[in-house]
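In numbering that gives the first Met the number 0, the protein residues as written are 0 to 490. One structure is given here, and the rest of the page talks about it.
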Amino acid sequence: MDITSSLLLVSFFLFVIIILIFNKINGLKSPSASKKKLIEHVVTHSHAPRFPQGSLGWPILGETIEFISSAYSDHPESFMDKRRLMYGRVFKSHIFGTATIVSTDAEVNKAVLQSDSTAFVPFYPKTVRELMGNSSILLINGSLHRRFHGLVGSFLKSPLLKAQIVRDMHEFLSESMDLWSEDQPVLLQDVSKNVAFKVLAKALISVEKGEELEELKEEFEQFITGLMSLPINFPGTQLHRSLQAKKKMVKQVEKIIEGKVRRAKNKEEDGVIAKDVVDVLLKDSSGNLTHNLIANNMIDMMIPGHDSVPVLITLAVKFLSDSPTALHFLMEENMELKSLKELTGEQLYWNDYLSLPFTQKVITETLRMGNVIIGVMRKAMKDVEIKGYVIPKGWCFLAYLRSVHLDKLYYDSPYKFNPWRWQERDMNTSSFSPFGGGQRLCPGLDLARLEASIFLHHLVTRFRWVAEEDTIINFPTVHMKNKLPIWINRR
Ligand code: HEM
Numbered sequence: 000m001d002i003t004s005s006l007l008l009v010s011f012f013l014f015v016i017i018i019l020i021f022n023k024i025n026g027l028k029s030p031s032a033s034k035k036k037l038i039e040h041v042v043t044h045s046h047a048p049r050f051p052q053g054s055l056g057w058p059i060l061g062e063t064i065e066f067i068s069s070a071y072s073d074h075p076e077s078f079m080d081k082r083r084l085m086y087g088r089v090f091k092s093h094i095f096g097t098a099t100i101v102s103t104d105a106e107v108n109k110a111v112l113q114s115d116s117t118a119f120v121p122f123y124p125k126t127v128r129e130l131m132g133n134s135s136i137l138l139i140n141g142s143l144h145r146r147f148h149g150l151v152g153s154f155l156k157s158p159l160l161k162a163q164i165v166r167d168m169h170e171f172l173s174e175s176m177d178l179w180s181e182d183q184p185v186l187l188q189d190v191s192k193n194v195a196f197k198v199l200a201k202a203l204i205s206v207e208k209g210e211e212l213e214e215l216k217e218e219f220e221q222f223i224t225g226l227m228s229l230p231i232n233f234p235g236t237q238l239h240r241s242l243q244a245k246k247k248m249v250k251q252v253e254k255i256i257e258g259k260v261r262r263a264k265n266k267e268e269d270g271v272i273a274k275d276v277v278d279v280l281l282k283d284s285s286g287n288l289t290h291n292l293i294a295n296n297m298i299d300m301m302i303p304g305h306d307s308v309p310v311l312i313t314l315a316v317k318f319l320s321d322s323p324t325a326l327h328f329l330m331e332e333n334m335e336l337k338s339l340k341e342l343t344g345e346q347l348y349w350n351d352y353l354s355l356p357f358t359q360k361v362i363t364e365t366l367r368m369g370n371v372i373i374g375v376m377r378k379a380m381k382d383v384e385i386k387g388y389v390i391p392k393g394w395c396f397l398a399y400l401r402s403v404h405l406d407k408l409y410y411d412s413p414y415k416f417n418p419w420r421w422q423e424r425d426m427n428t429s430s431f432s433p434f435g436g437g438q439r440l441c442p443g444l445d446l447a448r449l450e451a452s453i454f455l456h457h458l459v460t461r462f463r464w465v466a467e468e469d470t471i472i473n474f475p476t477v478h479m480k481n482k483l484p485i486w487i488n489r490r
């Protein structure tokens with residue numbers, strides 16, 4: 000590890016310690032496991048229910064430092080692997096200021112994700128909760144959540160939106176790729192981030208180019224910086240700056256909504272077809288979705304949407320650059336499609352991209368190995384028993400998806416990038432859940448796959464490239480240390 004990385008690591012540890020102490024002062028207590036009143040049996044098991052084994056580590060700090068240092072190490076699995084060996088696939092720990100049941104068990108994770116809000120609700124750190132607000136889709140539960148999730152999900156999956164994404168991505172990628180130079184490296188992570196943000200802003204609120212988009216992007220960068228900041232809100236702190244940025248963005252979206260409502264009243268626009276997520280939500284007749292709630296949620300939806308797709312694309316390019324055979328197969332398949340379309344004079348449709356079998360396997364394997372989202376957190380609302388384990392009321396639960404995806408119980412040679420493994424495997428099993436599951440299954444999953452497929456198609460059919468050495472960093476979010484520079488040659 001070089002000096003800069005060591006300094007960064009030390010500062011990060013200090014930051015974590017301050018957060019933990021702050022949480023403690025704010026009264027974040029570890030609930031007692033002894034309060035076993037009502038136990039809900041979600042997955043039955045022959046043994047008597049038992050409280051997961053494990054250690055709560057140091058006072059206040061718990062096992063957070065060990066968790067983070069292993070996440071930054073060459074083998075990020077070491078924290079989980081060590082405990083899995085000592086205590087089994089489900090164990091107790093104390094990370095990020097909270098007593099947590101950590102599960103690396105596919106069935107247990109599935110059962111928790113499938114449970115409703117009477118058993119588990121989403122859990123996010125205090126800063127994130129404050130930035131999102133109580134009416135965020137990421138936090139709400141019950142019927143309002145189901146309605147919101149359903150409306151958003153069906154629009155994001157609609158053929159109409161997919162056709163629009165194809166047109167938009169063709170335009171955004173041409174604009175970007177035409178400017179790529181052979182004399183200097185292209186930073187793949189930045190390029191894909193730029194394109195994905197444009198796609199997202201258009202799909203959510205129809206903001207396209209120019210000043211409006213630039214302003215939104217700038218405020219959004221300020222907003223998300225706060226997600227990893229101290230939960231202290233007064234002028235001068237990062238959390239305060241991020242909250243101010245969100246206010247500005249919400250105002251911007253409210254203006255867009257007012258414009259839409261006005262145009263609909265004056266019948267200036269065809270009000271039948273929804274062009275973006277805002278249109279879909281405005282059509283809801285329940286009366287629960289106020290303009291302010293919609294505007295806030297458009298910003299919140301950018302949190303899971305903005306970074307995940309570029310990371311998926313960047314990791315796919317990284318894995319392909321390291322696996323020449325897979326890259327060759329992918330290139331042949333995409334070249335074939337391109338030639339066929341040129342021959343027939345047809346344009347590329349969204350289902351052309353999604354029906355490329357090997358390309359889809361590459362994306363699936365990237366999702367498995369790359370683990371764009373390493374895990375999801377919940378809080379138990381009552382004592383729950385799953386597969387013989389008791390998860391006590393008030394405890395946090397970490398469904399650690401990454402460990403499942405890299406477990407040799409479920410995958411042969413799990414650290415090998417092998418898209419061919421998906422030839423015989425079913426994706427719809429509990430051991431593969433990069434998009435979560437149950438009622439909170441990612442509504443953007445089709446969008447993510449489509450964007451990655453289009454990006455890869457244009458990359459391999461237009462360029463040959465050599466990627467510079469780069470390292471995957473797995474914490475706090477997955478990204479490439481040097482943004483994955485690639486040297487390109489046009490075909
Ligand atoms: C590679 C790309 C992506 C991955 C791996 C991913 C993964 C996930 C996961 C694991 C969850 C579940 C969180 C939980 O259970 O608490 C989730 C939820 C969510 N994702 Fe994605 N996501 C991706 C792309 C997107 C995109 C493009 C959007 C578009 C806006 C999006 C929007 C959302 C939303 C709104 C939720 C919250 C759903 C709810 O709580 O009801 N995601 N995502």
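C-beta: ideal position from N, C-alpha, C; glycine also. These figures come from a predicted structure and were not determined experimentally.
Excluding five sequence positions before and after S307, the CB atoms of its chain that fall closer than 6 Å to its own CB belong to V371, given in chain order. In this structure, the beta-carbon distance from V107 to K407 does not fall below 7 Å.
Annotated as proximal: E62 and I94, with beta-carbon spacing under 7 Å. Note that the C-beta distance between T103 and M85 is not below 7 Å.
With a cutoff of 7 Å on beta-carbon distance, V151 and V276 are scored as near each other. When the beta-carbon positions are compared, G225 and L215 stay at least 7 Å from each other. Proximity to D411 across L186, S54, M368 and I255 peaks at M368, based on C-alpha coordinates.
For P356, the uninterrupted alpha helix (DSSP H) segment begins and ends at P356 to G369. With distances taken between CA atoms, F90 lies nearest to P391 out of G209, P391, D177 and L203. Contact check for E210 against A244 fails: the beta carbons are separated by 7 Å or more.
Just measuring C-alpha positions, the residue of R377, R49 and R420 sitting nearest E364 is R420. Taking non-hydrogen atoms of ligand 1 into account, the C-beta of L159 is found less than 6 Å away from none of them. Using a Cβ distance threshold of 7 Å, G393 and L112 do not count as a contacting pair.
Counting the other Cβ atoms within 10 Å of the Cβ of V249 gives 16 or more, which makes it buried. Taking C-beta separations shorter than 8 Å and ignoring five residues to either side along the sequence, R166 has no partners in its chain. Short of 6 Å from the beta carbon of R145, and not among the five residues preceding or following it, lies no beta carbon of its own chain. Residue environment for N350: exposed (fewer than 16 other C-beta atoms within 10 angstroms of its C-beta). Per DSSP, V127 is one residue of the alpha helix (DSSP H) stretching across K125 to M131. Residue pairing from DSSP places K91 in a beta bridge opposite G53 and I100. The three-state secondary structure of F416, taken from DSSP, is coil. When secondary structure is reduced to three states using DSSP, Y86 falls in the helix class. In this structure, I312 lies near S191, with their beta-carbon atoms less than 7 Å apart. Under the three-state reduction of DSSP output, K208 falls in the coil class, being neither helix nor strand. Beta-bridge partners of L397 (DSSP): V101 and M376. Looking at the DSSP output, V389 bridges to E384.
The beta carbon of E181 lies closer than 8 Å to those of W486, I487, N488 and R489 in the same chain, with the five residues before and after it left out.
Straight through space, the alpha carbons of L366 and P433 are spaced by roughly 6 Å.
Excluding the 5 residues flanking it on each side, N140 has same chain C-beta neighbours closer than 7 Å at S116 and V120, in chain order. Relative to the non-hydrogen atoms of ligand 1, the Cβ of R439 comes within a distance shorter than 6 Å of at least one. Apart from sequence neighbours up to five positions away, the residues of its chain that approach A315 with a beta-carbon distance below 7 Å are V361, I362, T365, A451 and L455, ordered along the chain. Less than 7 Å divides the Cβ of E384 from the Cβ of P48. If you look at A315, you'll find it in the alpha helix (DSSP H) that goes H290 to S320. Between D299 and S135, the gap from beta carbon to beta carbon is short of 7 Å. Within 6 Å of the C-beta of S205 there is not a single heavy atom belonging to ligand 1. Of the residues E467, H305 and Y388, the one whose Cα lies closest to the Cα of T476 is H305. Non-local C-beta neighbours of S228 in its own chain, meaning closer than 8 Å and more than five positions away in sequence, comprise T126, T236, Q237, L238 and S241, ordered along the chain.
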